[in-house]
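Residue numbers 1 to 300, in UniProt numbering, belong to the letters of the sequence shown in order.
Since the structure comes first, as structure tokens, the remarks are kept for the end.
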Amino acid sequence: MSQLEQQALGRESVAQQQQQRQWQQQEMEARLAAETAERARLAAEAERLAADKASLEGKLSALEAAAAAASTSASATSASSAAVVAQQEQQLAQQEQKLAQQADEWGVAKARAVAQLRQLQAEKQQLAGEKADLLAARDREARRADASEARVELLEGRLADLEAAARADAAIRRAEAEQLRTQRLPDPAGPLPCATEALRAESDAEEAQRAAEEARRAAEEARRAAEEAHHARESALEEEVATLCRDKEALASEKERLAALLARAEACIGEAAPPTDVACDRCPELQAAAEERLAPSWPR
């Protein structure tokens with residue numbers, strides 16, 4: 001697989017991961033909207049419980065008035081009526097205490113849920129920033145890879161030019177040496193300068209060949225350095241992707257913990273229904289609301 005194909009596969013993988021993150025962010029926003037609606041419903045239920053409490057207080061006042069009327073009408077039944085009223089008052093006081101305790105617990109649970117929600121929003125913003133940083137890093141790495149490829153192509157072109165020049169120079173020098181050997185003089189002093197020129201030409205050709213080899217080695221070293229830098233950048237990007245995956249898993253666990261906390265708050269509100277021995281026109285509605293809260297459809 002060539003380097004360009006590897007880069008294309010890497011870009012496609014990063015694009016898929018970005019699409020998955022967008023989907024996950026959209027799902028997170030939908031869940032946050034559902035949580036907001038659920039909190040509004042819990043607030044409405046709390047208001048309904050407060051209204052029920054006011055109704056119970058009105059009934060208590062009515063019972064007290066009836067007890068006062070009964071005490072004035074018959075002194076024989078005043079003791080028993082007072083005992084009944086006291087018992088009912090005690091029951092109502094216990095019920096009010098229980099409602100107040102459950103309201104406090106619901107307030108604490110709501111505060112924790114709000115804190116968790118803010119934490120999730122902060123983590124969402126952090127993930128968005130990390131995503132932007134990753135995109136910027138990917139663009140920078142792509143530009144660096146393009147620059148490295150252009151530099152390698154330039155070095156390869158220079159190497160080809162040097163090799164062509166070395167071959168041309170060697171051919172010219174061989175031709176000159178051959179011409180000197182064919183035109184040497186017949187006297188004994190003639191062959192020595194011709195041989196010297198031939199040796200010099202061969203030495204120059206060897207030097208040109210060595211220069212071409214050195215240029216080729218330099219180009220190979222530059223190519224290897226560019227490949228190593230590209231592999232290092234790919235490793236860094238893979239590590240960043242793994243870090244984002246770990247952050248995503250941590251965010252999912254936090255969401256599950258928040259869901260459990262909201263479920264406990266709903267259970268506390270569900271237990272705040274009035275007792276069955278007190279007559280109330282809204283008891284069936286409260287019972288149905290409590291049953292609905294005890295089985296929430298929380299997205300997983």
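Even for Gly, the Cβ is constructed at its ideal location relative to N, Cα and C.
| Query | Result |
| --- | --- |
| I'd like to check one pair, V152 with A229: are the Cβ atoms closer than 8 Å? | no |
| Tell me the rounded alpha-carbon separation between R257 and H231. | 39 Å |
| Can you give me the Cβ contacts of R158 inside the same chain, cut-off strictly under 8 Å, excluding the 5 residues immediately before and after it? | A215 and A219 |
| Checking 8 Å against the spacing of the C-beta atoms, do L120 and D247 come in under that value? | no |
| Less than 6 Å between C-beta atoms, sequence neighbours within five positions excluded: which residues of the same chain meet that for R233? | E141 |
| Under a three-way DSSP split, which group does S2 fall into? | coil |
| Can you tell me the Cα-Cα spacing of A208 and D133, whole angstroms? | 49 Å |
| Would E29 and Q116 qualify as a contact pair, given that the criterion is a beta-carbon distance under 8 Å? | no |
| Determine, using beta-carbon pairs with one atom in the stretch 24 to 43 and one in the stretch 103 to 117, whether at least three such pairs fall under 8 Å. | yes |
| So, with DSSP's three-state summary, where would you put R293? | Unreliable positioning characterises R293 in this predicted model, as indicated by a pLDDT of 49, which lies under 50. A coordinate reading is not provided. |
| Report back the beta-carbon spacing between A170 and A145 to the nearest angstrom; my notes put them in contact at under 8 Å. | Not confirmed; about 37 Å, so no contact. |
| Roughly how many whole angstroms lie between the Cα atoms of Q95 and L261? | 25 Å |
| Keeping to the same chain, check which residues put their C-beta closer than 6 Å to that of A165; ignore five residues upstream and five downstream. | none |
| Between the C-alpha atoms of T276 and R118, what's the straight-line distance to the nearest angstrom? | With a pLDDT of only 44 at T276, under 50, the local geometry of the prediction cannot be trusted, and the value read off the model is given with reservation. Going from the Cα of T276 to the Cα of R118 covers about 39 Å. |
| Just to check my reading of the structure: L154 and A212 have Cβ atoms closer than 8 Å, yes? What is that Cβ distance to the nearest angstrom? | Not confirmed; about 17 Å, so no contact. |
| Measure the CB-CB distance between A82 and A66 and report whether it falls below 8 Å. | no |
| Assuming L237 contacts R138 (C-beta within less than 8 Å), just tell me the rounded distance between them. | 7 Å |
| Apply the 10 Å Cβ neighbour rule to E45 and answer buried if 16 or more other Cβ atoms are within range, or exposed otherwise. | buried |
| Sort Q179, A150 and K131 by Cα distance to A222 and report the nearest one. | A150 |
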